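Colleague: Residues 43 to 369 in the numbering used here are what the sequence shown spells out, letter by letter.
Would you mind keeping the following structure in view while I ask a few things?
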Amino acid sequence: MLITSASLDALRTTFSLLYRGAYDATPVWYQELATEVPSKTRSNTYGWLAQNIRLRKWIGPRTAQNLTEHSYLINNAFFEGTIEVLKEDITDDNLGVYSAQLLPQLAQAAKKHPDQLLTYGCFYTNPKGFDGKALFATDHPTYAKNAADPQTYSNAYTLPLTPDNFNTVWSNMVGLTGEDGQPLLVIPNKLVVPPQLKLRAEQITKSSTILQAIQNVAATENVGAAGVDNMLKGWAEPLILPELASMPNTWYLADTTRPIKPFVRQLHTPYFFVARFNPDDPRVFTDRIFTFGCEGRGAVGVTLPFLIARSMPAGDSLPTVPAEYQT
Numbered sequence: 043m044l045i046t047s048a049s050l051d052a053l054r055t056t057f058s059l060l061y062r063g064a065y066d067a068t069p070v071w072y073q074e075l076a077t078e079v080p081s082k083t084r085s086n087t088y089g090w091l092a093q094n095i096r097l098r099k100w101i102g103p104r105t106a107q108n109l110t111e112h113s114y115l116i117n118n119a120f121f122e123g124t125i126e127v128l129k130e131d132i133t134d135d136n137l138g139v140y141s142a143q144l145l146p147q148l149a150q151a152a153k154k155h156p157d158q159l160l161t162y163g164c165f166y167t168n169p170k171g172f173d174g175k176a177l178f179a180t181d182h183p184t185y186a187k188n189a190a191d192p193q194t195y196s197n198a199y200t201l202p203l204t205p206d207n208f209n210t211v212w213s214n215m216v217g218l219t220g221e222d223g224q225p226l227l228v229i230p231n232k233l234v235v236p237p238q239l240k241l242r243a244e245q246i247t248k249s250s251t252i253l254q255a256i257q258n259v260a261a262t263e264n265v266g267a268a269g270v271d272n273m274l275k276g277w278a279e280p281l282i283l284p285e286l287a288s289m290p291n292t293w294y295l296a297d298t299t300r301p302i303k304p305f306v307r308q309l310h311t312p313y314f315f316v317a318r319f320n321p322d323d324p325r326v327f328t329d330r331i332f333t334f335g336c337e338g339r340g341a342v343g344v345t346l347p348f349l350i351a352r353s354m355p356a357g358d359s360l361p362t363v364p365a366e367y368q369t
């Protein structure tokens, strides 16, 4: 290919279309668990209520249900991915590796980046939330105003995924009350698991029958098993996340039925394709290299801890978080 302004413009257009096609075709899961919020500044401050908004009989002046009592700050960050093209690859029409591999991989990485941010920034680091506690903790304050002693609740368990343990966590979540002492109306509708627990999650949430152990008369040992109606069928929808494979036995229950989900995807600038294909660029002159890539700006964070619970059995532990995902 003869390098001219016209040929480089055509190549830029081709690369941009290839990037967009691969980007649009890449599936993601972060929308299942995170509310996307636009951002126009360096950071967003969120005000959370530790109770549900309720209507009251209007007697006297209005009573504000203050969202600013519990605030939480999320700072935006810049992210980029860059690939270099040798000048001779363009002149020799040797661009197959870029169009077949590198561009699709770059687009997939950009599309999946919010998934990665949630995995490493929330699931694998257990960040602090608006109440000053780690997202998954045994002592979240309820902020109950009329309690003589501070009241707390837990969204952190150590139970393996079984039908009985699923029921335990589910029942505890739906029974939570807020700072006004009223039920928080939590509806855990997503069973979030790593791929290693896919079969068990599907059995608990979709099978019509489950095996139940039969014990001897003294109830000291199991002597058999029988199929019984699975009353848990339909209680939650399984969400299988390959990114969680580093914790093969850990599972989560989440309420995603509300406008506010357990996490926030704060979007300042959507990821977009950029290219430096000017033949007069200094890098082209000195190193014979053209550059293209993508960039964007945003962040993730946590919302209300009562909307998600984690059960991490003994043997699982938080993995090491790569440097690029550390705050």
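Note that CB positions come from ideal geometry on N, CA and C, so glycine has one too.
Computed from a predicted structure; not experimentally measured.
#1: In the structure shown, what three-state DSSP assignment does residue 227 receive?
#2: Going straight from the alpha carbon of residue 51 to that of residue 319, what length do you get?
#3: Out of curiosity, what's the CA-to-CA distance linking residue 64 and residue 143?
#4: Per DSSP, what kind of secondary structure is residue 128 in: helix, strand or coil?
#5: Could you check which residue in 209, 56 and 308 has the C-alpha nearest to that of residue 277?
#6: Based on Cα-Cα distance, which residue from 158, 348, 55 and 365 lies nearest to residue 215?
#7: Is residue 300 near the ligand ATP - that is, is its Cβ less than 7 Å away from at least one heavy atom of it?
#8: I believe residue 350 touches residue 304 by the beta-carbon criterion, under 8 Å. Please report the beta-carbon distance rounded to the nearest angstrom.
#9: Measuring only the C-alpha atoms, how far is residue 59 from residue 53?
#10: Taking only three categories from DSSP, how would you classify residue 331?
#11: Measuring alpha carbon to alpha carbon, tell me which of 141, 150 and 164 ends up nearest residue 314.
#12: Between the Cα of residue 317 and those of 79, 125 and 85, spot the shortest distance and give me the residue it belongs to.
#13: Output the distance between the C-alpha atoms of residue 236 and residue 254, rounded to the nearest integer angstrom.
#14: With residue 74 as the anchor, note down where its beta strand (DSSP E) starts and where it stops.
#15: Quick one: measure Cβ to Cβ for residue 75 and residue 296, integer angstroms, because I've assumed they're closer than 8 Å.
#16: Please confirm if the region 278-292 is in contact with the region 224-242, defined as three or more CB-CB distances below 8 Å between the two stretches.
#17: If you count every other CB in all the chains shown that lies within 10 Å of the CB of residue 353, and 16 or more means buried, which is it?
#18: Would DSSP call residue 178 helix, strand or coil?
#19: Fully enclosed by the region 297-349, which alpha helix (DSSP H) runs are 4 residues long or longer?
#20: Can you check whether the CB of residue 309 is closer than 8 Å to the CB of residue 80?
#21: In chain order, what residues of the same chain have a beta carbon less than 7 Å from the beta carbon of residue 275, not counting five sequence neighbours either side?
#22: Just list the residues that DSSP pairs residue 196 with in beta bridges.
#23: Look at the Cβ atom of residue 116, then the Cβ atom of residue 341, and state whether they are nearer than 8 Å.
#24: With burial defined as no fewer than 16 other Cβ atoms inside 10 Å of the residue's Cβ, what is the status of residue 306: buried or exposed?
#25: Return the chain-ordered list of same chain residues with a C-beta closer than 6 Å to the C-beta of residue 61, the five sequence neighbours on each side being excluded.
#26: Please confirm whether residue 202 and residue 86 have their CB atoms less than 8 Å apart.
#27: Drop a sphere of 10 angstroms on the beta-carbon of residue 221, count the other beta-carbons inside from all chains shown, and report buried for 16 or more, exposed for fewer.
#28: My assumption, with CB atoms under 8 Å, is that residue 325 sits in contact with residue 333. Please give the rounded CB distance.
#29: Taking C-alpha atoms, which residue in 103, 273 and 211 lies nearest to residue 232?
Modeller: To lay it out plainly:
#1: coil
#2: 8 Å
#3: 10 Å
#4: strand
#5: 209
#6: 348
#7: As for the ligand ATP, it is missing from this structure, which has no ligand bound.
#8: 4 Å
#9: 10 Å
#10: strand
#11: 150
#12: 125
#13: 24 Å
#14: Run containing residue 74: none in the beta strand (DSSP E); it sits in the alpha helix (DSSP H), 72-75.
#15: 6 Å
#16: yes
#17: buried
#18: coil
#19: 324-329
#20: yes
#21: 247, 248, 249 and 250
#22: Looking at the DSSP assignment, residue 196 forms no beta bridge with any residue, so it has no partner.
#23: yes
#24: buried
#25: 145, 149 and 315
#26: no
#27: buried
#28: 6 Å
#29: 211
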